[in-house]
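Participant: If you count the sequence shown from 1, you need to add 22 to reach the UniProt record's numbering.
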Amino acid sequence: WLSHEADVAAILELKRCRNAVILAHNYQTPEIFHGVADIVGDSLALARKAAEVDADIILVAGVHFMAETAKLLNPEKTVLISDLNAGCSLAESITPEDIALLRQAHPGVPVVTYVNTSAAVKAASDICCTSGNAKQVVESLGAPKVLMIPDEYLAQNVARETGVEVISWHGHCEVHELFSAQDVRDLREVHPGITILAHPECPPQVVAEADFAGSTAFMTDFVRERKPSRIVLLTECSMSDNIAVNLPDVEFVRPCNLCPHMKRITLAGIREALQWNRHEVTVDPEIAVAARRAVERMLAI
Ligand code: 13P
Ligand code: SF4
Numbered sequence: 023w024l025s026h027e028a029d030v031a032a033i034l035e036l037k038r039c040r041n042a043v044i045l046a047h048n049y050q051t052p053e054i055f056h057g058v059a060d061i062v063g064d065s066l067a068l069a070r071k072a073a074e075v076d077a078d079i080i081l082v083a084g085v086h087f088m089a090e091t092a093k094l095l096n097p098e099k100t101v102l103i104s105d106l107n108a109g110c111s112l113a114e115s116i117t118p119e120d121i122a123l124l125r126q127a128h129p130g131v132p133v134v135t136y137v138n139t140s141a142a143v144k145a146a147s148d149i150c151c152t153s154g155n156a157k158q159v160v161e162s163l164g165a166p167k168v169l170m171i172p173d174e175y176l177a178q179n180v181a182r183e184t185g186v187e188v189i190s191w192h193g194h195c196e197v198h199e200l201f202s203a204q205d206v207r208d209l210r211e212v213h214p215g216i217t218i219l220a221h222p223e224c225p226p227q228v229v230a231e232a233d234f235a236g237s238t239a240f241m242t243d244f245v246r247e248r249k250p251s252r253i254v255l256l257t258e259c260s261m262s263d264n265i266a267v268n269l270p271d272v273e274f275v276r277p278c279n280l281c282p283h284m285k286r287i288t289l290a291g292i293r294e295a296l297q298w299n300r301h302e303v304t305v306d307p308e309i310a311v312a313a314r315r316a317v318e319r320m321l322a323i
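#1: In this structure, what does DSSP give as the bridge partners for Y175?
#2: Are the CB atoms of L36 and N299 nearer to each other than 8 angstroms?
#3: Consider the C-beta atom of C150 and the heavy atoms of the ligand 13P; say whether any pair is separated by less than 7 angstroms.
#4: Can you tell me whether D271 sits near the ligand 13P, meaning its C-beta is under 7 angstroms from at least one heavy atom of the ligand?
#5: Let's see if you can read the secondary structure: which residues bound the beta strand (DSSP E) around S190?
#6: Hey, would you say A220 sits closer than 8 angstroms to L256, going by beta carbons?
#7: Is it true that the region 66-76 meets the region 287-297, where meeting means three or more beta-carbon pairs spaced less than 8 angstroms apart?
#8: Please check the pair P52 and S262, which I expect to be a contact at CB under 8 angstroms, by giving their CB distance rounded to whole angstroms.
#9: Does the Cβ of S115 lie closer than 7 angstroms to at least one heavy atom of the ligand 13P?
#10: Please state whether DSSP places N96 in a helix, a strand or coil.
#11: Which of helix, strand or coil does DSSP assign to N279?
#12: Measure the Cβ-Cβ separation of A316 and S115 and say whether it is below 8 angstroms.
#13: Alpha carbon to alpha carbon, what distance is there between T117 and V190?
#14: Using only the alpha-carbon positions, how far apart do L200 and T139 sit?
#15: Name the DSSP beta bridge partners of R252, please?
#16: Helix, strand or coil for L106, going by three-state DSSP, please let me know.
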């Protein structure tokens, strides 16, 4: 922690001088999550809170699509991300042209787009969703069939939960696709009685064998409320690290997988970003209008 002290102090001072707030995703490292963030949460909470921020600058400690969403909801504010290359395998997997082809192949079928996508892909969609509200978003449409892109596993998991016919895409999260049903069985064998939570970006066989599945906010609430004696969170590694700080009586068992994109964000990078006003995230105004509509439709649910 001592090695972080100078950066933390500098960031706190920069935030004050520049009237900036830091929105941090649950997968950020503890020194960011606990040391400098003003608002923490899952993708849904960050989008909701971004819409309410009262500051001149929003620095997003997360990946690029999260910063874009914050910009969509705050067109007049400066939105910064400390590393423009903090991407996402899901966002990389699909383009607006792919959506146009899907619409041609499935005329009249509504397009539900996971927030882990570019603003241009959101703009080509009818409504967005996150892992925290995907079921409600799909059910809100009242349609027998939906296109749900780009996460194939999230789509399959939601199809099972809702009974709605879901046409998916072949995108995967490079962190969650690594978990297998065999991992779940091995964990139960080695740690009898362990509670197993899976993120819905995990393959459906993993979700089926886990005890519960939900977004990173669901995981946080679950552990804080139920305080299980031993738990494994099948998700990104910082998730357990961040919750464990305040729960010394809960044993967090790993495996976990690191997201290389989330890990591009560092305290030193945040400090420089606030100091030099970089890197500003912008969205083409024409794309922004349609993308904002899809995000706001989601937030209204
Ligand atoms: P949530 O925090 O919305 O569950 O999403 C997880 C994720 O992978 C974000 O990149
Ligand atoms: Fe994308 Fe997966 Fe990393 Fe989240 S954890 S940013 S979904 S690659």
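The beta carbon of each residue, even a glycine, is placed where N, CA and C say it ideally should be.
Facilitator: Taking the coordinates as given:
#1: As a first step, residue 175 is located in the sequence shown; it is residue number 153 there, counting from the start. Beta-bridge pairing links Y175 to no other residue.
#2: As a working mapping, residue 36 is identified with position 14 in the sequence shown. As a working mapping, residue 299 is identified with position 277 in the sequence shown. No, the Cβ-Cβ distance between L36 and N299 is not below 8 angstroms.
#3: Counting from 1 along the sequence shown, the entry for residue 150 is found at position 128. Relative to the ligand 13P, even the nearest heavy atom lies 7 angstroms or more away from the CB of C150.
#4: Against the sequence shown, residue 271 aligns to sequence position 249. Result no, Cβ not under 7 angstroms from the ligand 13P.
#5: Position 168 of the sequence shown, counted from the start, is the residue given in the question as residue 190. First-last of the beta strand (DSSP E) with S190: E187 to S190.
#6: On the sequence shown, position 198 is the one that residue 220 refers to. On the sequence shown, position 234 is the one that residue 256 refers to. Yes, the pair counts as a contact, with Cβ atoms nearer than the cut-off.
#7: No, they do not touch.
#8: Working through the sequence shown from its first residue, we reach residue 52 at position 30. Working through the sequence shown from its first residue, we reach residue 262 at position 240. With 8 angstroms as the limit, P52 and S262 do not qualify as a contact, their Cβ atoms being about 10 angstroms apart.
#9: Translated into positions along the sequence shown, residue 115 becomes position 93. No; taking the cut-off as 7 angstroms, the Cβ of S115 has no heavy atom of the ligand 13P nearer than that.
#10: Counting from 1 along the sequence shown, the entry for residue 96 is found at position 74. Coil at N96, not helix or strand.
#11: Translated into positions along the sequence shown, residue 279 becomes position 257. Note: N279 maps to strand in three-state DSSP.
#12: Reading the sequence shown from its first residue, position 294 is the one you call residue 316. Reading the sequence shown from its first residue, position 93 is the one you call residue 115. No, the Cβ-Cβ distance between A316 and S115 is not below 8 angstroms.
#13: Position 168 of the sequence shown, counted from the first residue, corresponds to residue 190. Position 95 of the sequence shown, counted from the first residue, corresponds to residue 117. A small fix is needed here, since residue 190 is Ser in this sequence, not Val. Each residue's Cα considered, the two are about 14 angstroms apart.
#14: Position 178 of the sequence shown, counting from 1, holds the residue named residue 200. Position 117 of the sequence shown, counting from 1, holds the residue named residue 139. When rounded, the distance between both Cα atoms is 20 angstroms.
#15: Taking the first residue of the sequence shown as position 1, residue 252 is located at position 230. According to DSSP, which records beta bridges pairwise, R252 is partnered with E273.
#16: Within the sequence shown, residue 106 is the residue found at index 84, counting from 1. DSSP, reduced to helix, strand and coil, places L106 outside both helices and strands of the structure shown, so it counts as coil.
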